[in-house]
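Asks:
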Amino acid sequence: MSQESKRREALIYHAKPTPGKIKVVPTKKYATQRDLSLAYSPGVAEPCLEIEKDKNNAYKYTAKGNLVAVISNGTAVLGLGNIGPEASKPVMEGKGLLFKIFADIDVFDIEVDTEDVDKFIETVKNIAPTFGGINLEDIKAPGAFEIERRLKEELDIPVMHDDQHGTAIISAAALINALELIGKKIEDVKIVISGAGAAAISCSRLYQAFGAKRENMVMLDSKGVIRDDRDNLSAEKAEFATHRKIDTLEEAMKDSDVFIGLSMANVLSPEMLLSMANDPIVFAMANPDPEIKYDLALATRKDVIMATGRSDHPNQVNNVLGFPFIFRGALDVRATKINEAMKMAAVEALARLAKEPVPEQVNIAYGETKLTFGKEYIIPKPFDPRLIAEVPPAVAKAAMESGVAQEPIIDWEGYQDKLRERLGSDNKMVRLLLNRAKLDPKRVVFAEADQLQVLKSAQIAYEEGIAIPILLGRKEAIEELMAEIEFEGDDVLIIDPKTEEENDRKNRYAKVYWEQRKRRGVTYYSAQRLMRERNYFAAMMVNEGDADAVITGYSRSYPTVVKPMLELIGMAKGVKRVATTNVMMTKRGPLFLSDTSINIDPDTKTLTKIAQMTSQVVRMFGMTPVMAMTSYSNFGSSSDPKASKVRDAVAYLHRYYPDMIIDGELQTDFALNAEMLKDKFPFSKLVDKKVNTLIFPTLDSANITYKLLKELNEAESIGPIMMGMRKPVHILQFGASVDEIVNMTAIAVVDAQQKEKQEKEKDDL
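What follows is the structure, encoded as structure tokens:
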């Protein structure tokens, strides 16, 4: 994709369909006049009077307790510099989005039009009653230090300048663990800090809090080593000025143990790295290009422990590991500030978490057999679902112990459960899915590539590294569309099965197909004709190893597409009926629904197989399947065959697969409402568990349900995911959106990865 194309895509993302990235939504009912009279006049007067009596009641009656202001004056935005408050707004909205999806914290972004420190502070103080916390962002130094210091002193709510403290907290956790791995003590190591901005100062201070000695630290700015005999040093730089008579980074690096890079790309040479002590620790955190390239550092020193700010290398120092969870813990105990004890608690929680067994969901997302504490895993991954339940409690406890908490937590287990529930409002599954596909992209045939939506999806898959697309269709039409959407894929294979240039391949495929089905009425001539059809051609590409997966069905009815796939590719060993499942991204978390596309009225035996296949798909996503077999009845309340077939399927699974977490027959509301289920049916295997999978008794009930969720609740859908096929084949719903096709492409890639892994395991036996 050209730079201009990337620019246009970014602008469209921020502008369409609604400008911006965040919005305000009601949290109370507003359907009736009664609701509105409570929401506003006259009912709203009552909480106003209660807050007048005691300002703390604002936490009880308003959103203040879960509302953070992300505030900037636009003077130090990313690498763009001083671009002004209006231009900083997209970044502040983005920060608000991260607060919401990682910790369920609501945000108003505030852009202040002043570079005057006193005026900025006055503005923030004047609006502070609205918020439960203040996140300062992208404010240039040295003013940023003064602004944060005074606001922390003069306000009674948590204030944090994330540019200073975020990197410090994450890198401190990584440093503690790296030092543990190599058996060095923080008070003994020599540390070089390249950079002297807000983040560098904060990192240095926090490392000191954990025992690093100031005399063992050397800091550099654009002029070289910050020495105590230099003139006109700011107070912050003077704090870390060295008495050593050295001037350059090259001199500072000799015999050093730790390099902290917060400066610019490629300032650390291989020679400097070689001059470091044994087992050097290098955190090259300049973005997007680090102070030394990751691969170059590892090639230079085999004993180096390396971290960067990039997601495509191990040990990413990513601020999202910190700020959402620190504010979450601070808000939940109504802390009056974020103090050193709370930041240190966050560091220790992150360091501790990296040493604990990693959930399978995280291993799957990062394509690892098993992530374990070591040189390539010294800090948790940003997608780790445990962060929400580990970091906020540590921060909250530190707030209580340091005397800044106003609402202490008593039930810590209950608090952690509530935190996990908050995670359900954000669905990371799509990000996990795409991330996993990118780790080992496969060749995916797009059978309808001359459809604009399909081609756009293939473009995204190609440019994002999700898949290696193979485009089927009229070559001239595809190339025209590619030019129109600026799909610059010169190495992308385009095939038109109807052209003469594909005759050799068509004849080869036709012969294989004819050999397989010549005793079922198929002639060689008819096989040749079928190979002109895209779906037959695409299926044979996968069968013959010329591709790894197929995506089709965008412009044709589901049954007409399923037929050739079953004929040519067929079902997996031991499978007699295929089925589909859809993953719905709901507010309560991912919800798998089966069978949404194939089996019209499955019998008991088919229902048991659908449940087993769905269980395998759920596990493929790194989740433990908790399954309810749904009906219009509950546990025998009806003797009708439509209910009894579900009941018999559950009985079979309970008998022969006792480890499966499944129960029924159950009405959907009982399946999804844990309190109702426990109250009425305390004997159920689903009691005290969160159901994430629904098996429906008929196709119409499953299909209608998933489409209702999709349209009425705007729930994102991944699917229908084909289950039981011998090769990775995935058939889109008619007229699927670009996002849906991209998601299905990732599914096809992950499916291919999984099947490849299974084949290798068989070969190893």
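By full-length UniProt numbering, the letter at position 245 of the sequence shown is numbered 245, and the numbering carries on one by one without gaps.
Where is the CB? At the ideal position from N, CA and C, for every residue including glycine.
1. Measuring CB to CB, does residue 821 end up less than 8 Å from Ala299?
2. Under a three-way DSSP split, which group does Ser425 fall into?
3. When the cut-off is 8 Å and only beta carbons count, does Tyr40 lie next to chain D?
4. State the CB to CB distance for the pair Ala307 and Ile378, rounded to an integer number of angstroms; the pair is presumed to be in contact (CB under 8 Å).
5. Identify every run of the alpha helix (DSSP H) within the stretch 488–568, keeping only runs that are complete inside it and at least 4 residues long; order them along the chain.
6. According to DSSP, Thr308 sits in a beta bridge with which residue or residues?
7. Go ahead and label Ser425 buried or exposed: buried means 16 or more other beta carbons lie within 10 angstroms of its beta carbon, across all protein chains shown.
8. Is the beta carbon of Thr693 closer than 8 Å to that of Phe621?
9. How would you call Arg655, buried or exposed, if buried means at least 16 neighbouring beta carbons within 10 angstroms?
10. Leaving out five residues on either side along the sequence, give the residues of the same chain with a beta carbon under 8 Å from the beta carbon of Asn126.
11. Flag this pair as touching only if the stretch 719–732 and the stretch 543–560 have three or more C-beta atom pairs under 8 Å; answer yes or no.
12. Helix, strand or coil for Asp450 per DSSP?
13. So which of Arg301, Tyr294 and Phe323 has the shortest CA-CA distance to Asn315?
14. State the start and end residues of the unbroken beta strand (DSSP E) segment that holds Asp106.
15. Identify, in the order they occur along the chain, each residue of the same chain with its Cβ nearer than 7 Å to the Cβ of Tyr59, setting aside the five sequence neighbours on each side.
16. Determine which residues share a DSSP beta bridge with Pro469 and list them.
17. By DSSP, does Ile409 sit in helix, in strand, or in coil?
18. Which of the three DSSP states is assigned to Tyr40 in this structure?
19. Considering only the beta carbon of each residue, do Gln416 and Ala389 sit closer than 8 Å?
20. Quick check: the Cα distance between residue 810 and Asp504, rounded to an integer number of angstroms?
21. Mind checking whether Asp162 and Asn56 have CB atoms under 8 Å apart?
22. For a test of the three-state rule: what should DSSP assign to Leu591, helix, strand or coil?
23. Where does Asn582 fall in DSSP's three states?
24. Find out if the Cβ-Cβ distance for the pair Leu350, Ile494 is shorter than 8 Å.
25. Beta strand (DSSP E) containing Phe259: first to last residue?
26. How far does the alpha helix (DSSP H) with Ile169 in it extend, from its first residue to its last?
27. Could you give the distance in angstroms between the alpha-carbon of Pro42 and the alpha-carbon of Phe131?
28. Find the nearest neighbour of Pro357 within the set Met344, Met342, Ala341 and Gly374, judged by alpha-carbon distance.
29. Tell me which residues share the same chain as Ala354 and place their Cβ nearer than 7 Å to its Cβ, disregarding the 5 neighbours each side in the sequence.
30. Under 8 Å, do Val70 and Lys95 count as touching if we go by C-beta distance?
31. Excluding the 5 residues flanking Asp35 on each side, which residues of the same chain have their C-beta closer than 8 Å to its C-beta?
32. Between the alpha carbons of Glu264 and Gly79, how many angstroms are there, rounded?
33. Starting from Glu476 and walking both ways along the alpha helix (DSSP H), at which residues does that stretch end?
Replies: On the basis of the coordinates in this document:
1. The structure shown has nothing for residue 821, since the chain only spans 1 to 765.
2. For Ser425, the predicted model reports a pLDDT of 41, less than 50, meaning its position is unreliable; a value from the coordinates is still stated below. Correct three-state label for Ser425: coil.
3. This model lacks chain D altogether, as it is built from one protein chain only.
4. Rounded to whole angstroms, the Cβ separation of Ala307 and Ile378 is 7 Å, and the two are in contact under 8 Å.
5. Listed in chain order, they are 503–517, 524–530, 534–543 and 558–568.
6. Ala284 and Gln316
7. Because Ser425 sits at a pLDDT of 41, beneath the cut-off of 50, its placement in the model cannot be relied upon, and the following sentence gives the value as read from the coordinates. Under this definition Ser425 is an exposed residue.
8. With contacts defined by Cβ atoms closer than 8 Å, Phe621 and Thr693 do not form a contacting pair.
9. exposed
10. none
11. yes
12. coil
13. Checking every option, the nearest Cα to that of Asn315 belongs to Tyr294.
14. Asp106 to Glu111
15. Gly65 and Arg334
16. Val444
17. coil
18. Note: Tyr40 maps to coil in three-state DSSP.
19. yes
20. As displayed, the chain neither begins before 1 nor continues past 765, which places residue 810 out of reach and without an answer.
21. no
22. strand
23. strand
24. Not closer than 8 Å, so no.
25. Val258 to Gly261
26. Asp162 to Ile182
27. 25 Å
28. Gly374
29. Asn177, Phe373, Tyr377, Ile378, Ile379 and Pro380
30. yes
31. Lys28 and Lys29
32. The sequence shown places Met at residue 264, rather than the Glu named in the question. Using only the alpha carbons, I get a separation of about 10 Å.
33. Lys475 to Ile485
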